[in-house]
Each structure stands twice: as C-alpha cells, then as structure tokens.
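Heads up: the sequence lines are chains A and B, in that order.
Take 1 as the starting number for the first sequence in this note's numbering and just add one per residue.
Take 476 as the starting number for the second sequence in this note's numbering and just add one per residue.
Right, one structure below, let's go through it.
Number of protein chains: 2
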Amino acid sequence: MSNVANGSLDFLFRPRSLALVGITTANPEHWTRSFLDAVLEFEFNGPFYLVNPKGGNINGHRVYQSLHDIPQTIDYVIGLVPARASLELIDECATKGVRAIQFCTAGFSETGEAEGTRLETELIKRARKHGIRIIGPNCLGIYCPQSRLSFGPVFPKESGPVGVISQSGGNANYLIRQAALRGVRFSKVISYGNASDLNESDFLEYLVADTDTRVIAMYIEGIKDGRRFCRVLEKATRQKPVILLKGGRTEAGSRAVAGHTSALAGSEAIWDALRKQMGLIQVNSLDELVDVLVTLLFMVKPEGRNAVIMGGGGGASVLITDTFEKRGLKVPPLPHEIISKIREFTPPAGNILRNPVDYSQTMMYPERVAKTIDIIMQWDGIDFLVWFMRMGQSQQAGGLRVNSPMMGGLFSVGGGESSKPLAVVLEPSILPEESRGIFTLLQKYVSSELPVYYSFASAANAIDLVLSYYENRNL
Amino acid sequence: MSNVANGSLDFLFRPRSLALVGITTANPEHWTRSFLDAVLEFEFNGPFYLVNPKGGNINGHRVYQSLHDIPQTIDYVIGLVPARASLELIDECATKGVRAIQFCTAGFSETGEAEGTRLETELIKRARKHGIRIIGPNCLGIYCPQSRLSFGPVFPKESGPVGVISQSGGNANYLIRQAALRGVRFSKVISYGNASDLNESDFLEYLVADTDTRVIAMYIEGIKDGRRFCRVLEKATRQKPVILLKGGRTEAGSRAVAGHTSALAGSEAIWDALRKQMGLIQVNSLDELVDVLVTLLFMVKPEGRNAVIMGGGGGASVLITDTFEKRGLKVPPLPHEIISKIREFTPPAGNILRNPVDYSQTMMYPERVAKTIDIIMQWDGIDFLVWFMRMGQSQQAGGLRVNSPMMGGLFSVGGGESSKPLAVVLEPSILPEESRGIFTLLQKYVSSELPVYYSFASAANAIDLVLSYYENRNL
C-alpha cells in the first residue's frame, strides 16, 4: 500500500468501535488489563469488545472467543496477543472491517532474532494486503483524551496543547504522568514502537497539521525514512516549537535502541546538525523534556536573561547563582535604591538583600515577601523572578507546613501592572513525612499555572533552552 | 594571638561544659531553640547552661540572666545573642574561663555594611586579647556525634568516617541530612561562617590529623590565607580523598559569597588548577557531593569501567546507556554464551537480554533475577552492576509494593565468589502514595550498605568521578 495522505490518519484518533484482542481473563494484575481499565476509566464513547479464545467474562464484560463472534464491524483493534498469534489476527481483522491495529505485542524484530524479524515482515505484508494500518508492534498506541481513547487509566482526562510522538511506551507513560503532575495536558500521544508501518514521519506530519497541538515533543530512537523525516521536521519547526529527546546517541546506546525497537539510531553529528539548522530544542532526558514543556507553557516569555532569585538559605543562594550564571543567565546585583526600599521593613540580620535575596528570616511574613517582590518587579534591571524552597536546610526535622504563612507572599503577587514572569524551584523530598506537604504546595503552584522545577539546575537549564529558542527565532 | 598548633583544636570537639547564651525563652519555634533541642536529644554528657537576660526557665531548665550567675567555669559557649550584644559577651566569657565561642549570630561583615564589618573586627580583637577562639560568626558550629555535640537535633547519633568543613550552615544541614538518609555517617562537621578567627585551614589541618576521619568533604566560599590553605590541602589530598564544592565560581556567585560570608571567592581558574594538581574530587552541587560520598564509602572499588545495567523499562535502558557512555563508562554487549545461559529460564518477549538488561517482565520472579545476576557477575567482561528501578513507567498508578517479590532477587546476591561491585538507582517520586514504598526500599538498600543514587545521571557522574580519582592515583 502506498503512503496514505496524512489528513486521513485522523481515523486512528477517533475510532467508533474498539476490540481488545488477547486480553487476559485470569489475572487482573496482568499488563494487558491496563487497556481495559483505561477504556472503562475514560468511558470510551462507543462500543468496545473483549476477545480471548478462552471466553468467559471480566467483571461482567463478556469476553468473545473470537473477533468473528462480535455481531458488528470493528474500527480499531488493540492487539494484545502473543507474537505467534499475530498473523492470524490480521486475517481475522480483515473480515471485520478493521481499519487499524495497534500491536502492543512484543517479540518481533527488537529481539534481534531471525524468527522475530521474519514475523514482523510478514505481519506488515499481510496488513498492507488488507489495507489495515499498523501502529507498532511493540508499543502502547494512542492517548487522545478528547476522544476518550487512552492506554493508561491514570492519565488526565482533559486535553491540552502538547502532542507527543514516543517510540518507547515506558517513556511515554513516564512523560505523561510526570508532565501531568506539573500541569501539562496533551492533545495526542502516540507510542509507536517498531514503526513497521506507520512511522515517526506519519505521526509528526499529523501533529503539525493538528490544530489542537501547539507544542510537539518527541522521543525517537531511529528514523525509518531520513529524507522524508527531515522534510516533515522542517515544516514542523517552522510552525510549532519542537522538542526532541533522541535515544541512542552513543554507540552502546544505539545498540540498546536496536534491542528495544530495532531502529537504526543514526549518528549524533546528524542530529546535532538538525538541531542547529531547524531550531529544534534538544534535551537529554525525559525530566528535561518536562522542564522545557512547563517553561514553554507556563512561563510568560521573559524579555531577557536577567533573573532575581529569591528564597531561603544563604549557602543555597551562592550555589543557585553559580548554576544560573553557568547557563548564561544573569543574576545582577540589586541596586542601592531597591535595597533601601526593602530595608525599610526588613532587618539586616539573617536576610541578605543582594541577589539572590536570602529571605530565610522573612519567609514567615507573607506581606513582607509580597511587598519585596512588588518592589523588585518594578526594577528595570530584571526580566524574571525565580522563587525557591529548599527543605532540609534547617537543623530541625518536620514537614513543611503548607498552611503556614510561609508561601503566602508568592500567591498574592503576579497579575499587577509590574508583573514579570515567575518560576518556582520546589525540591522533592525522599522523606515520606515531607512529601505530602511538598506535593500539596506543588499542586497549589500548578493550579496557579506557574512553571515548577525540581532543582536549581533543571530550572536554569530549561529556562536557558527556551530563551535560546526565542532568541534564535527573534521571538 | 599567633596560630595555635592544630592538635590543640581537639578541645573544640570535646567541651566539658556548655552554655547557650541568648536562647529565646518565649518562642519554642525560634531558630535558637534548635541548639537546646540538640543538646537534649544528644544527651550531651556534661553540664550545660541556658542564658538570657530575661531569666525564667525552658521546660524546667533554668535560664540564667547572665553568665556570671553560673556557679562554675564554662568551656564552650554557643553564642546566640544579637550582634550588638556580642562584644559584651566576649568580656563576660573571659571571666568564666571560656576557651571557645561558636558565634551563630549574623549581622557582621556579611551584611556588606560598615557597622557590621567594624563590629566583627572588634569582636576578634577582643577574643584574641582574652585568648578565646571563635568559630564564625554567622555559622552553626560543630556536630561531633562521638562527644554528643550537635547543632541539629535530628542528625545521626552514630559516628562515621566523613569529616566536613562547610562555610554555610544551611548547606551543612542539608548535606548531613541528605547524606545520612543514604547511610553516610560523620566524624566531625564544622560550619564556620565568616571564618574571622578559626578558618578553613585550621579545620582542614585538624581533619587531616584526625584518625576518625577517612574522607574529607568541603563546602568553601572563600579562603583566608591562600598559601597556607594550599599547603594544608596538599597534605590532605596525599592522605585522604578530599571532595570540594566551591561556592562562588562565577562572577555573580562570588558576589553572593561576599553577601553570605563576606569571603573573597577567588577565580575559577585557580580552583581548577588546584583540582588537577592535587587530585581533588570537585563537585558542583551538594547532591553531587553526597553521590560521591556514597560511592567512596559503599561501592567496592571496581576494577574498570565496564558496567552491566539491569532493571525495568526498555526506553529507560536506552537513555541510561547514553547517560553512562557520555560519562566515559562502558556498557558492553552481553556475549552470546551469557545470553544463552539466561535464555534457558527467561522468555524473549518483554525481556531484552542485551546490556542494559530490560527485565520488565521478569522482575516479579526473584529467583530468576538472582540467577541472572549470578550468571552476569561471572562474566569477565564487566566490572560492576547497576540495578535500576523507575516508577511511573507503567500505565497504572499505585505505589511500589516493597514486600512483593520484585526486589528480592537483588538482596539474595552479593557476597558470593563471583561478587562484583553493585550500585542502585532508585528514583524518588513526588507522589506521596509512592513515596512511602520508595523510602522503605531506600532504607533496605542503605542497611545493606549499597550505594543508592536518585537518578541515572547522578550515578554515572559520581561513579565516573570516583573511578577517575582511583585511576589518577593508580589505586
């Protein structure tokens, strides 16, 4: 089958009926059951059917012994059968009018063994013969909250502006769950595995045209058609910010890629050239990818690189300054007239009124914090403010009292005339007793649509990457 | 007063009696109260006295209105008085036989204001006149679990091999608390602030000679006497591993240093030269410092740079490989004979038997995990094994079931003939419901004396730094 025009891929994201073929009936903890959990949790708005040769039922939902037994045509199949049963499944699908199969099944070319590779080639041959499109194999498929299609039951139900292409299902899960906690919402996420039929270029082209997608993020291990991908990528970067996490950038990493999705990783030099030419935002980890997303989505574009950093802890102040300056961000000294204004209501001991502003002794007085931020925001010399909270700097144990006035000051600013972009560094704690308070605080910041970072270094890194992106495009 | 021979500094760490002067009687949440909490919690084994002009008592402990009222001589004073009362305190101390004052008080030269600087000069002049040694001002003083002296009530009570010099009190707290969670214990920690009398060279010299200290870690913002410091540092690095975190390595960072402890930061070039010449292990953050400590203490010295990485998640496997290889660590492919041996009891689908070993589908079978690790450990091609756990890769929510067999395999290896160094990557979660399980697992690993890292990147970084240290010394 020749390349289908990409507009038509829309049917993948809005199936009218589903079948989960190969779902386990016995063990509710089995990975295949997550797909049913997701269908139920998202209340998929069309008929869905479960299929397993053993028949029976799962929590009252009938399990059909075969696709043939289903009394209507099926649009979209989630294939959970073992690899050896995959060819037969294709033939069955052909008789039921199936337009696409998302093959979760592993055990194909990624095993590096001849039998798996042969099976994958035959799988695609048969699918093409019947005009059925394949996502995968060795993938999790599609998450599209708008059409209530999801491979994870715990993902957000609301849509958002981020479209994701991920060759790895585990990485897609991690990305969605981590980003969701920090306020990011998605238009479409596609986990596409071995990319034997539909590949990264197909999905990227779709996301470029998709009006629900404002930002594109990609985790890619290898490219099926380099020329086409470059063409599509160029179009993409002209229209939307594109963030790329490339897996397999080292020699051993590309061996790991071959074993994971059987892709050819391509040389690091090629990827670097693409990044520079096209203004891709390139990141090195999933966490960095999330950092860039929250910066693009929640940090109002700063006019420049001058930051005021404000929070608790003098030693931390020194280290955060070093971290920011090393990333090309500036931490200019507060001028005398600003310091004098703040000094009027702030004692010198324990509060270092330079930049960073070490407000250890004043954090407890929200009205002073708010007043200080207002004064600083009015100063022409800065472009944005970073607020930081570091647990574990005190000698005492104990959780963060979120209802204490400590953080009140930050919430009462912003929105005024003098308002400038804000960012928050909130460090997670490994201590369970601190973790609840930190999480509550995170949720407060996130619901205020503030960009939250888990470390100084990640904030500096993401803000630099996004500023460089704006600078290169003269935005 | 001329320089006292350093051996004599021992009296600082083993005072026979204490007075906490300037402790707040009214507010139990006030920072000065942590020092009393620490004295009580550590059951300091000598007489201790509380002093505040208001008198009264704190939880039944008498508060003296003045040092003069105390019916015996005092060895060591923790000075919590406001800066303006500091000179008078010195004079009083002189009449009570005090040998050292640890001045927590801030508001001296670090304010950048003339009055503070004048006061600090006068303070040291008077102390020298009376032969009293000063730690600080603007510091937290000493933590020495062996003599039950501590500035934090929640620090570990057991001693250990790590000696720390930290110019910042907040950074010392953070370091002790974070490192303790990962199994590190301390011989002595000194937070020394403005270093007006006793400085970094005095304390470093002491730790070099101290037989309880096997590893030295330093957070330094500026140096009082460069020549002496170089001399002492050279001696230190010849005898013990020395880890340095230098605050104020950028221009703005060194401005922050001036505001924090009034030190002159020195140029980055000088510090880099010192690092290379002396084989210092230089780190960029407190977390990195902890990573290096757990590597030095808990990772048996690997014979080389070849790692097998094993855990759950194919996408993560690719990224961890890239991360390790970029740090100069090697992730060699498993040879065919090793794979065949493992394949005998492991199905191919969902388990990628290359390196990294993606054991997503086998994690639940501890006996298989243990057997696999044993087989891999016997292979000549590797020097150490890194085990990793990443939450949030699955579509499902839910905490980690620590009592599930998932982690059993790892605990049943090690100790055998084939044993090689092990390291564990355990990622924290911001989710309170996952955090308890992860913390329990952390404690299990730590009690097995395994080095635990919170991310791939930090593991790769620390292992590379420590291997480079061994390689440079031909250890």
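Glycine residues also receive a C-beta, built at the ideal position from the N, C-alpha and C atoms.
Assigned with DSSP and collapsed to three states, Asp797 (chain B) falls in helix. At least one beta carbon of chain B lies nearer than 8 Å to the beta carbon of Phe439 (chain A). DSSP, reduced to helix, strand and coil, places Arg249 (chain A) outside both helices and strands of the structure shown, so it counts as coil.
Its Cα nearest to that of Ile223 (chain A), the residue A:Ala195 stands out among A:Phe155, A:Pro53, A:Asp272 and A:Ala195. When only Cα atoms are considered, Leu906 (chain B) and Ile430 (chain A) end up about 10 Å apart. Around the C-beta of Glu471 (chain A), fewer than 16 other C-beta atoms lie within 10 Å, and the residue is accordingly described as exposed. By the Cβ-count criterion, Asn199 (chain A) is buried, with 16 or more other Cβ atoms from all chains shown falling within 10 Å of its own Cβ. Flagged as an interface residue toward chain B: Ala457 (chain A), by a C-beta distance shorter than 8 Å.
Taking a contact as a CB-CB distance under 8 Å, the pair Lys663 (chain B) and Phe519 (chain B) does not count as one, their CB atoms being some 16 Å apart. Neighbours of Ser910 (chain B) in chain A, taken as residues at a C-beta separation under 7 Å, are given in chain order as Pro432 and Ser435. Leu495 (chain B) is bridged by DSSP to B:Leu525 and B:Ile553. Here Arg703 (chain B) is not bridged, per DSSP, to any residue. Counting every other CB atom within 10 Å of its CB across the protein chains shown gives Asp762 (chain B) a total of 16 or more, marking it as buried. Closer than 8 Å to the CB of Val318 (chain A) there is at least one CB belonging to chain B.
Per DSSP, reduced to three states, the secondary structure at Trp379 (chain A) is coil, with no helix or strand assignment.
In the DSSP assignment, Tyr681 (chain B) is bridged to no other residue. For Ser166 (chain A), DSSP records a beta bridge to A:Ser191 and A:Tyr219. When the five nearest sequence neighbours on each side are left out, the beta carbons in the same chain lying within less than 7 Å of the beta carbon of Asp939 (chain B) are those of Arg802, Gly803 and Leu804, in order along the chain.
Your pair Leu9 (chain A) and Tyr206 (chain A) checks out as a contact, with CB atoms roughly 5 Å apart and the cut at 8 Å.
Contacts with chain B (Cβ-Cβ distance below 9 Å) from the region 280-302 of chain A involve Asn284, Ser285, Leu286 and Asp287, listed in chain order. With its beta carbon less than 8 Å from one in chain A, Glu726 (chain B) belongs to the interface. Interface annotation, Glu120 (chain A): not in contact with chain B, CB-CB separation never under 8 Å. In this structure, DSSP gives His735 (chain B) a helical state, which the three-state scheme calls helix. Inclusion of Leu860 (chain B) and Met785 (chain B) in the CB contact set at 8 Å is warranted, their separation being smaller than that value. In the three-state reduction of the DSSP assignment, His543 (chain B) falls in the helix class. Remark: three or more beta-carbon pairs, one from each stretch, lie closer than 8 Å, so the region 636-646 of chain B and the region 678-696 of chain B are flagged as touching. By the neighbour-count criterion, in which a residue is buried when 16 or more other Cβ atoms sit within 10 angstroms of its Cβ, Gln72 (chain A) is exposed. Ala256 (chain A) has a beta carbon lying within less than 8 Å of a beta carbon in chain B.
When CB distances to chain A are screened at a threshold of 8 Å, the residues of the region 542-573 of chain B falling below it are Pro557 and Ala558, in chain order. Just measuring C-alpha positions, the residue of A:Ile142, A:Glu449 and A:Pro82 sitting nearest Phe35 (chain A) is A:Ile142. In this structure Gly554 (chain B) is in contact with Leu564 (chain B), their Cβ atoms being roughly 6 Å apart against a cut-off of 8 Å. Between the region 249-268 of chain A and the region 288-298 of chain A there are fewer than three inter-stretch CB-CB distances shorter than 8 Å, so the stretches are not counted as touching.
Contact between Ser625 (chain B) and Phe517 (chain B) holds: CB atoms are separated by about 5 Å, below the 8 Å threshold.
Between the region 47-59 of chain A and the region 17-32 of chain A, the count of C-beta pairs closer than 8 Å reaches three or more; the two stretches touch. Here the alpha carbon of Val538 (chain B) sits roughly 5 Å from the alpha carbon of Asn532 (chain B).
The secondary-structure analysis by DSSP pairs Gln757 (chain B) across a beta bridge with B:Leu719.
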